[in-house]
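What follows is a single structure, written as structure tokens, with notes after it.
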Amino acid sequence: MGGKINIQEIIKDYDFNDVTIGVLGGHSALDICHGAKKYGFKTLAICKKGREKTYAEYYKSSGEKGCVDEVMIVDEFSDILNENLQKTLREKNTIFIHNRYFWVYFNDFSQIENNFKVPIFGLREGVKLEERDQPLNQYHLLSQAGIRIPKIVREGESRLSEEKSIDLMIEHFKTSQNPLIVKANEAIRTYERAFFVISDAGSYMLKKAELISKRITTQELIDKATIEEFIIGAQVNLNFFYSTLDNELELMGTDSRRQTSLDGFLRLDAVTQSTLLENGFKPSMIETGHFAVTMKESLLEKAFEIGEKFVNIMKNKVAPGIIGPFALQGAVDCQKGREEFVIFDVSMRIPGSPGTKFTPYSGYLYGDSISFGERIAMELKKALEINRIKDILT
């Protein structure tokens, strides 16, 4: 497994009685380290210089406190590809837990797929498929699985002229009251999205001009953006764990996003909102955190149904399929008379929210609610005990 790297050959030299769980210092590192420590693993965080205090000081292991045993500091996260650093990780019998944070600091996904010679828990090639410009991208997989996605007005990388794109928007608004969301990337932090919502074709021209003038995004990035229907429904992220060992899908928890400055804007009264908008204020949708939400039980079967569909399509299309954590992020739509999940984003690795533990769904299964970090550590420990660790590393 794992592209050109023979991970099975590499782990032949591992001492699996002395495993270290490695992470990049960010995203979900503390969640992973906490779970790993709870199940007896050593933990190591690779941190960028100047951004290490969270891991090297505030949550450093000390006696009965903390969860980060060791910190390695690098000038840039991309230095993780340094051969000497990788050699050190292998000498520590490191299993790396990847996340989106791990991937966005590289210009080319193939660098991790082909040059990071350390075993990864999960699907090594999965994060690449989250990008909408990949041939086998998340929307293709969702559609093949029979999972409803928003209506796509313009696909990313479609290379349509702006005139043709505007014609497609006009056609959409003739038949639908739903707004559209333009999913462009930011100019500087290209892994972040400069999303903006439009209610007519005219507002597209105004909003994109504003974002370009403020250098938030560029014309080139907007030309590559997917434009899709904005679902007016209750937004919920379905955070799953698929156990390769047990061939079983688990719902770890449900949450939604905190976005700045949108969240604060929505807390204002309508008059103040209107005044701000008239004065040129535009709420941004940069993700800053998550909060736990719950669902009524009548939605649980529907959630599991689409989760199982996604697991099955991944097995069929992307060997070896999903391993461990993933999330289907979307909204519950009821415009057609029945509640239905519409999925508009997929995380093919551990999601960024540590709050899933504070919803009841893993507790219904295990007695007490557990975090993603704990569930990953449970899977790794079980795989080692039954001699199936090779089945979950790529």
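Under the numbering used here, the residues of the sequence shown are numbered -14 to 379, in order. All C-beta atoms, glycine included, are put in the ideal place defined by N, C-alpha and C.
Which value, in whole angstroms, describes the spacing of the CA atoms of residue i and residue j?
i, j, result
"residue 345", "residue 354", "6 angstroms"
"residue 113", "residue 119", "7 angstroms"
"residue 317", "residue 216", "8 angstroms"
"residue 382", "residue 313", "Any answer about residue 382 is impossible in this case: the structure gives the chain only from -14 up to 379."
"residue 110", "residue 45", "31 angstroms"
"residue 412", "residue 107", "This structure cannot settle anything about residue 412, because the visible part of the chain is limited to -14 through 379."
"residue 213", "residue 182", "10 angstroms"
"residue 337", "residue 374", "25 angstroms"
"residue -10", "residue 98", "8 angstroms"
"residue 146", "residue 135", "22 angstroms"
"residue 227", "residue -1", "25 angstroms"
"residue 127", "residue 49", "44 angstroms"
"residue 366", "residue 16", "17 angstroms"
"residue -14", "residue 105", "Per-residue confidence for residue -14 stands at a pLDDT of 43, beneath the threshold of 50, marking its modelled position as unreliable; the derived number appears in the next sentence. Taking the straight line joining both Cα atoms gives about 10 angstroms."
"residue 335", "residue 254", "36 angstroms"
"residue 219", "residue 276", "14 angstroms"
"residue 185", "residue 262", "16 angstroms"
"residue 289", "residue 25", "31 angstroms"
"residue 291", "residue 69", "43 angstroms"
"residue 82", "residue 96", "16 angstroms"
"residue 160", "residue 138", "12 angstroms"
"residue 42", "residue 319", "48 angstroms"
"residue -4", "residue 121", "29 angstroms"
"residue 251", "residue 258", "8 angstroms"
"residue 264", "residue 157", "28 angstroms"
Under a Cβ-count criterion, where at least 16 other Cβ atoms within 10 Å of its own Cβ denotes burial, should residue i be classed as buried or exposed?
i, result
"residue 315", "buried"
"residue 79", "buried"
"residue 266", "exposed"
"residue 341", "buried"
"residue 37", "buried"
"residue 52", "buried"
"residue 200", "exposed"
"residue 256", "exposed"
"residue 393", "Here the chain covers residues -14 to 379 and nothing more, so residue 393 does not appear."
"residue 193", "buried"
"residue 356", "buried"
"residue 308", "buried"
"residue 196", "buried"
"residue 117", "buried"
"residue 190", "exposed"
My understanding is that residue i touches residue j, with C-beta atoms under 8 angstroms, so please give their C-beta distance in whole angstroms.
i, j, result
"residue 13", "residue 339", "7 angstroms"
"residue -8", "residue 350", "That pair is no contact at about 30 angstroms."
"residue 9", "residue 86", "6 angstroms"
"residue 59", "residue 34", "7 angstroms"
"residue 178", "residue 169", "7 angstroms"
"residue 270", "residue 115", "About 17 angstroms separates the two Cβ atoms, so there is no contact after all."
"residue 327", "residue 133", "5 angstroms"
Open item on the list: Taking 8 angstroms as the cut-off, does the stretch 238 to 253 touch the stretch 144 to 158 (at least 3 CB pairs, one atom from each stretch)?
Closed with: Segments in contact, no.
Task: Segments assigned alpha helix (DSSP H), at least 4 residues, entirely inside the stretch 227 to 274 - done: 247 to 251, 255 to 263
Open item on the list: I'd like to know if the stretch 63 to 81 and the stretch 162 to 172 are in contact, where contact means that at least 3 CB-CB pairs between them fall below 8 angstroms.
Closed with: no
Task: the stretch 13 to 24 / the stretch 357 to 376 touching (three or more Cβ pairs under 8 angstroms) - done: yes
Open item on the list: So within the stretch 288 to 376, which uninterrupted alpha helix (DSSP H) runs reach at least 4 residues, ignoring any that extend past its ends?
Closed with: 346 to 351, 357 to 370
- [ ] Could I get the ranges of all uninterrupted alpha helix (DSSP H) runs contained in the stretch 88 to 120, with 4 residues as the minimum, in chain order?
- [x] 95 to 100
Task: Continuous alpha helix (DSSP H) assignments of at least 4 residues falling wholly in the stretch 138 to 162 - done: Runs of the alpha helix (DSSP H) inside the stretch 138 to 162: 147 to 160.
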